[in-house]
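Here the structure is laid out as structure tokens; the discussion comes afterwards.
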Amino acid sequence: MHSLADFTLSPMGVGTSVSPYIAIVKNVLDIQCPLHGIKYEMHSNGTNLEGDWNAILLIVKQCRDAVHAGGVIKVGCSVKHQCDKQQAIKKNYQTKHTTWNEHNFWKPSS
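Using numbering that gives the first Met the number 0, read the sequence shown as starting at 0 and increasing by one per residue.
Spelled out as structure tokens, the structure:
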């Protein structure tokens, strides 16, 4: 099943810098996503994944396990999933952005 997903991993009890764990996740994504035919895009609050739902879940689990292996005892994980139609990550963003602009959501009220 073609899916879009957004996931966030939150290492807990590691102090203020999570940069080492972002690097660990990026490493897993760089290796695993091409193997499973998954497209990904990291952003400031997590990562978007596009492709087969089962492969996406596997990759999220591998990322979580890699962060645990990096010494984190507790990792929060959030996954948002969309599978209603086949749509690319970029197209999905453009559609939402256009819709918001059409409804004047970004204009200040008078």
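The beta-carbon is built from N, C-alpha and C at its ideal position, and this holds for glycine as well. Values in this document were obtained by computation on a predicted structure and should not be read as measured data.
By the C-beta density criterion, I23 is buried, having at least 16 other C-beta atoms within 10 angstroms.
Contact annotation: P10 and V74 have beta-carbon atoms nearer than 7 Å. The beta-carbon separation of C32 and K25, rounded to 10 Å, does not stay under the 8 Å limit for a contact. Membership of C82 in any alpha helix (DSSP H) is not indicated, and neither H nor E is assigned to it by DSSP. Secondary structure in the segment 6-75: the beta strand (DSSP E) runs of 3 residues or longer, each lying completely within the stretch, are 38-42 and 45-51 in chain order. Contact check for G45 against T7 passes: the beta carbons are separated by less than 7 Å. Counting only residues of its own chain and dropping the five nearest sequence neighbours on each side, C76 has a CB closer than 6 Å to the CB of L8 and R63.
L34 counts as exposed, since fewer than 16 other C-beta atoms from the protein chains shown sit within 10 angstroms of its C-beta. Going by C-alpha positions, D51 is about 25 Å away from Y20. Exclusion of the five residues before and after V27 leaves I58, Q61, C62 and A65 as the residues of its chain whose Cβ lies within less than 8 Å of its Cβ. In this structure, the CA atom of V71 is about 21 Å from the CA atom of M41.
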